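A short worksheet on the structure shown next.
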Amino acid sequence: MKFTPAKPPLTGETLDSLAEKLRAGGEPAFRAKQILEWVYKKRARSWDEMTNLSKPLRTWLDQNFDLMPATLVFNQQSHDITDKLLLELGDRSLIETVIIRAPQEGVGLDHSRKTICISTQVGCAMACVFCASGLAGFKRDLNAGEIVAQLLQVCYREDALTPRAHSELASFDNIVVMGMGEPLANYDALLRALAIINASWGLGFGARRITISTSGLVPKILQLAEEELGFRLAISLHGATDEVREKIMPVNKAYPLAKLLPAVKAFSEKHGRMVTLEFILIDSVNDSLEQAQLLRDIARDLHAHVNLIPYNTVEGLPWKRPSITRQERFADILRDARLSVTLRREKGHDIDAACGQLRLKTEKERTATAAV
Ligand code: SF4
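The sequence shown finishes on residue 378 if you use my numbering, and the numbering steps up by one all the way, no holes.
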């Protein structure tokens, strides 16, 4: 389903496209820089705050653009380290943006590594069987402005928490495009949004600290390898053989490992960066020692980092996480091969599996209320 907003979001404009629209509207093009400075540097939340713009220009902007296409509905803070922002879009669709804090040893939460996980679609068409985001199917792609707006909402939240005004987005270590949706299925909007996030007139966030995670859309991985901005790549692998992968990820039928792995290698050789293989450990599905050995061989061949994620139970789905002993035995096979491997431990830290659950719950509550 396509959503055409009544007014285009300002957060989807580049410096050039905004200058062009100003010119076409009979306004001076140089105002584009000032306007975007209000949005990204000074974090203006209304047109009236843009005091160095004339009143007629502010009225023109209001008539032609939506300043913020995503409204904060709810901020769920977990007891440990994950904050979820539930955002509502112009058509009442809900999306999640997640802030994850990973404490560094001995220095506590204040000095934790901070990551923002953003969504690119409402729902998801990839139908991975373990995933809450895919449960309700695909609704629509996000536009570039809606993708960028998620980060501005994180900025607003941080600004409110930090005594010093307007803490920089740069205080975050990473942005991962790993929330709801298959990012590479919404390629053009994603790349436009990332260009805005990266630009000095935008959020100024370094491309090398942005990771795009895909379930394995091979042609798009190859296209991404040709992009100038060097984003990082993560592959949701979750199975080290076609047989296992196909059971849980339908995308494997179109792009089996024989197609996927060479594409990942091509990306990694082109960019000279280590790719990450995400592997959700699901009890009795993909957690055998044989899978660990095959994953080790794949990771060694690709010089890839492996991120093992014990499955987070999703209401309504039968899958379970393996015991800690089983998780450790799996990880040891990779560690023994001296591969770069992480095994997530913290509760509420599993953005892959847990992402989408807050939205799903809220959608159900809405439906129930509407039926009363
Ligand atoms: S895991 Fe990712 S690609 Fe698969 S259904 Fe969920 S959101 Fe989509």
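Note that CB positions come from ideal geometry on N, CA and C, so glycine has one too. Source: prediction; values computed, not measured.
Item: DSSP-derived helix/strand/coil call for CYS137; Value: coil
Item: Near ligand 1: GLY140 beta-carbon under 6 Å from a heavy atom; Value: yes
Item: Segments of 4+ residues assigned as alpha helix (DSSP H) that fall wholly inside the region 281-351; Value: 295-308, 330-342
Item: Alpha-carbon spacing of ILE304 relative to THR247, whole angstroms; Value: 10 Å
Item: Span of the beta strand (DSSP E) around ALA76; Value: 76-83
Item: Candidates THR368, ALA337, ARG198: closest to LEU209 by CA position; Value: ARG198
Item: In chain order, each alpha helix (DSSP H) run of at least 4 residues that lies wholly inside the region 246-276; Value: 248-254, 257-260
Item: Best match in GLU43, GLN299, LEU283, THR126 for proximity to LEU308 [C-alpha to C-alpha]; Value: LEU283
Item: Cα-Cα separation, GLN297 to LEU196; Value: 33 Å
Item: Contacts around ARG146, its chain only, beta-carbon distance under 6 Å, and the 5 residues preceding and following it disregarded; Value: MET7, PHE9, VAL128
Item: Nearest candidate by alpha-carbon position, reference GLY140, set VAL257, ASP68, LEU239, THR57; Value: VAL257
Item: Pair within 7 Å by beta-carbon distance, ALA343 and ARG302; Value: yes
Item: 6 Å Cβ shell around LEU3 - same chain, five flanking residues per side excluded; Value: The displayed coordinates of the chain run from 7 to 378. Any statement about residue 3 would go beyond what the structure contains.
Item: Anticipated Cβ contact below 8 Å, ARG215 with GLY236, distance rounded; Value: About 11 Å separates the two Cβ atoms, so there is no contact after all.
Item: Terminal residues of the alpha helix (DSSP H) in which LYS226 lies; Value: 224-231
Item: Coarse secondary structure for GLU102, derived from DSSP in three states; Value: strand
Item: Rounded C-alpha distance that separates TRP207 from GLN82; Value: 31 Å
Item: Residue from ARG49, ASP97, LYS48, GLY32 with nearest C-alpha to TRP66; Value: GLY32
Item: Cβ distance (whole Å) where THR121 is taken to contact ASN180 below 8 Å; Value: 4 Å
Item: Distance between ASP289 and MET255 (C-alpha atoms, nearest Å); Value: 16 Å
Item: VAL250 beta carbon less than 7 Å from that of ASN318; Value: no
Item: heavy atom of ligand 1 below 6 Å from SER4 C-beta; Value: Any question about residue 4 goes unanswered here, given that the chain covers just 7 to 378.
Item: C-beta contact flag for THR17 and VAL154 at 7 Å; Value: yes
Item: ASP12 - DSSP class collapsed to helix/strand/coil; Value: A small correction: the amino acid at residue 12 is Ala; Asp does not occupy that position in the sequence shown. Of the three classes helix, strand and coil, the one that applies to ALA12 here is coil, per DSSP.
Item: Status (buried if at least 16 other CB within 10 Å, exposed otherwise) for GLN333; Value: buried
Item: Spatial distance of ALA272 from TYR46 (CA atoms); Value: 35 Å
Item: ILE357, buried or exposed, once every other Cβ within 10 Å from all chains shown has been counted against 16; Value: Here ILE357 scores only 43 on pLDDT, less than 50, and its place in the model is too uncertain to base an answer on.
Item: Cβ-Cβ distance between LEU349 and VAL281 below 7 Å; Value: no
Item: Secondary structure of THR126, DSSP reduced to three states; Value: coil
Item: Member of ILE315, THR331, GLY322, ARG64 whose CA lies at the smallest distance from the CA of VAL135; Value: GLY322
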